[in-house]
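Note sheet for the following structure.
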Amino acid sequence: MLNVQDLDVFYGEFQAIDNVALKIEKGQTVIVVGPNGAGKSTLLRTIAGLLPPRRGTISFEGQRIDRMEAYHVVENGISLVPEGGRVFPHLSVLDNLKVGSYNKAARAKAQQWMKRIFELFPVLSNRKTQRAGSLSGGERQMLAIARSLMSQPRLIMLDEPSLGLAPLVVDMVFEFVLTMKQEGYTVLLVEQNANKALKVADYAYLIESGKLVFEGRSEDFDKNPYIKTAYLGI
Amino acid sequence: MVEQIIMALLNGILLGGVLALLAFGLNLIFGVVKIIHMAYGQFVMLGFYFIYFFYTAWHIPLLLSMAMGIVAMGLIGILVQLVIINPLLKAPRLNQLLALASLIIVVENLAQVIWGADYRGIPLTMPIIQFGEIFIRSSFLIAFIGAILTLGLLYLFLNRTYLGLGIRAVAQDLEMAKGVGINPNVIYYLTQATGGALTGLVAAFFIPIYTVHPHFGASFTLMAFVIVVFGGMGNLLGGFASAFIIGIATSVTAVLSSKEIADILALVLFIGMMMIRPQGLFGTES
């Protein structure tokens with residue numbers, strides 16, 4: 025479904041992504057783990073069309089998307105849940121959801137989807153008219169996920185959804201990832217919380233300093249002694 | 006004397022409505038495109054000349070001339086985005102400011118070359134409305150009602166439509182707006198077209214009130230800036246409130262002392278606000 029090859033991304037002279045390749049099949053939940061500053065967020069932002077790659081190709085459902093504008097990528101069925109539950113703080117919860125369905129295809133079914141979203145996230149339905157900026161960190165993360173579902177994506181990318189949240193809320197977020205998986209979404213999840221992320225993953229990649237250093241299924245990660253000590257703390 | 010003050014108060018409110026429209030356009034452009042439109046008042050002057058030209062040279066009926074002037078200014082707004090802003094979107098702030106400031110010189114001198122330095126206007130006699138000892142010029146009343154209606158429509162547009170939502174999203178977080186599927190270029194052009202059309206509309210309201218000359222716009226640029234910064238840059242509600250505060254304060258002071266003192270008072274209020282609340286009346290820090 026998604027195929028990333030030979031990807032190089034630079035910020036000015038600094039190379040953030042170095043020759044990364046990655047593949048996701050339809051319906052899979054794939055995670056990318058790695059330390060802070062490894063280039064995980066950069067990878068997602070590049071796929072989303074927010075950063076242009078210097079080299080390499082990204083294709084989605086057989087179509088090249090690496091030179092597409094971000095709004096075009098969304099139209100094609102990829103949605104990004106940005107780091108830290110980045111919602112529009114001065115828009116109401118309802119408007120934040122509505123803006124998620126901005127692309128033409130999603131607009132037509134926005135009303136229907138909104139209902140579905142409120143069933144999935146009852147906490148948001150109580151806060152419809154509240155400004156998004158006044159929500160708690162966990163609620164904001166829920167809203168960011170809900171907003172990206174409003175665009176009716178086929179691939180949903182989550183950037184560190186558990187960052188800065190209380191342990192109970194982190195569990196909730198991962199439950200949502202599982203729910204999305206059951207609903208048939210293809211998920212690309214970037215996480216520092218490797219333990220929890222590996223539990224929901226079909227396949228995982230480890231990147232360090234922009235380079236791919238290991239890939240495999242969750243079991244392979246569990247068995248690798250280096251990863252065990254450096255990332256899983258066992 | 007009491008009647009005079011009441012009349013001044015009313016005129017201040019009526020004038021405040023039109024100023025609110027001007028402040029809205031300037032605020033919208035600043036909030037969305039993140040540029041300071043230095044020549045905004047000059048665009049009112051240009052709009053005035055356009056309407057004057059359509060009416061006197063092409064003999065188009067006045068209301069149609071006004072509509073054409075509004076459309077023409079909307080197109081000029083788009084042109085500004087295309088020719089001046091787009092190439093400078095990622096340039097340092099100072100370059101954008103200089104480019105737009107030089108637009109003042111271009112527009113004013115162009116007007117002088119085409120229409121000359123004389124005062125020009127369309128002579129209209131509009132009835133005066135009388136309540137006891139209080140007289141209101143109907144031209145002021147029409148301008149006020151028109152301005153308030155327009156602001157209402159703009160409010161609905163921003164809050165009830167997808168495009169309006171797109172404008173608000175881009176104003177708050179450009180990258181995230183792109184990320185949810187908004188094409189920012191469309192939003193920029195739309196904002197500039199709206200901002201431009203508003204200068205045309207303000208010009209149309211000014212037709213029965215003022216005569217125009219090439220430097221007519223300067224005082225409106227200053228006025229619009231005072232209002233917008235006083236209310237908090239980018240804050241639409243702040244701009245609305247401060248338009249009335251400044252409008253009433255200057256209008257009442259003009260009656261109590263003189264027009265010059267009124268202008269001084271507006272700037273004193275402005276400086277005072279900057280010393281107490283640099284972010285403006287409704288502005289947030291940062």
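So the sequences go chain by chain: A and B. In case it helps, the working numbering puts the first sequence at residues 25 to 258. In case it helps, the working numbering puts the second sequence at residues 6 to 291. Heads up, the beta-carbon is just placed ideally off N, CA and C, and yes, glycines get one too.
{"Asked": "Establish whether the CB of A96 (chain B) and some CB of chain A are separated by less than 8 Å.", "Found": "no"}
{"Asked": "I'd like to check one pair, L256 (chain A) with N219 (chain A): are the Cβ atoms closer than 8 Å?", "Found": "yes"}
{"Asked": "Please identify the residue among B:Q9, B:V38 and B:L14 whose C-alpha is closest to the C-alpha of Y194 (chain B).", "Found": "B:V38"}
{"Asked": "In the DSSP output, which residue or residues are listed as bridge partners for K205 (chain A)?", "Found": "According to DSSP, which records beta bridges pairwise, K205 (chain A) is partnered with nothing at all."}
{"Asked": "Do you know offhand how far Q135 (chain B)'s Cα is from A248 (chain B)'s?", "Found": "25 Å"}
{"Asked": "Going along the segment 33-61 of chain A in order, which residues come within less than 9 Å of chain B, judged by CB to CB distance?", "Found": "none"}
{"Asked": "Which class does D178 (chain B) belong to by DSSP, given the choice of helix, strand or coil?", "Found": "coil"}
{"Asked": "Can you confirm whether P76 (chain A), when its beta carbon is compared against all beta carbons of chain B, has any partner nearer than 8 Å?", "Found": "no"}
{"Asked": "So what does DSSP say about S291 (chain B), is it helix, strand or coil?", "Found": "With a pLDDT of 46 at S291 (chain B), under the threshold of 50, the modelled position of that residue is not reliable, and the figure given next carries that caveat. Three-state result, S291 (chain B): coil."}
{"Asked": "Flag this pair as yes or no: are the beta carbons of I180 (chain A) and V97 (chain A) separated by less than 8 Å?", "Found": "no"}
{"Asked": "Helix, strand or coil for K235 (chain A) per DSSP?", "Found": "strand"}
{"Asked": "Could you check the C-alpha separation between G157 (chain A) and R131 (chain A) for me, to the nearest Å?", "Found": "24 Å"}
{"Asked": "Determine, for E107 (chain A), whether the minimum Cβ-Cβ distance to residues of chain B falls below 8 Å.", "Found": "no"}
{"Asked": "Identify whether S83 (chain A) lies in helix, strand or coil by the three-state DSSP scheme.", "Found": "strand"}
{"Asked": "For chain B, is any of its Cβ atoms less than 8 Å away from the one on E215 (chain A)?", "Found": "no"}
{"Asked": "Output the boundary residues of the alpha helix (DSSP H) element that contains Y35 (chain A).", "Found": "Premise fails: Y35 (chain A) lies in the beta strand (DSSP E), L26 to Y35, not in any alpha helix (DSSP H)."}
{"Asked": "Provide the residue span of the beta strand (DSSP E) that contains N43 (chain A), from first to last.", "Found": "F38 to I48"}
{"Asked": "Contact criterion: CB-CB distance below 8 Å. Does M181 (chain B) meet it with respect to chain A?", "Found": "yes"}
{"Asked": "Nearest to I141 (chain A) by CA position, among A:I169, A:S160, A:L236 and A:E232, is which residue?", "Found": "A:I169"}
{"Asked": "I'd like to confirm the pairing. Which residues does DSSP put opposite T70 (chain A) in its beta bridges?", "Found": "Answer by DSSP bridge pairing: none, since T70 (chain A) is not bridged."}
{"Asked": "Would you check if the distance between the CB atom of T125 (chain A) and the CB atom of S175 (chain A) is smaller than 8 Å?", "Found": "Per the sequence shown, residue 125 (chain A) should be read as Ser rather than Thr. Going by C-beta atoms, S125 (chain A) is nearer than 8 Å to S175 (chain A)."}
{"Asked": "Under the rule that 16 or more other beta-carbon atoms within 10 Å means buried, what is P146 (chain A), buried or exposed?", "Found": "exposed"}
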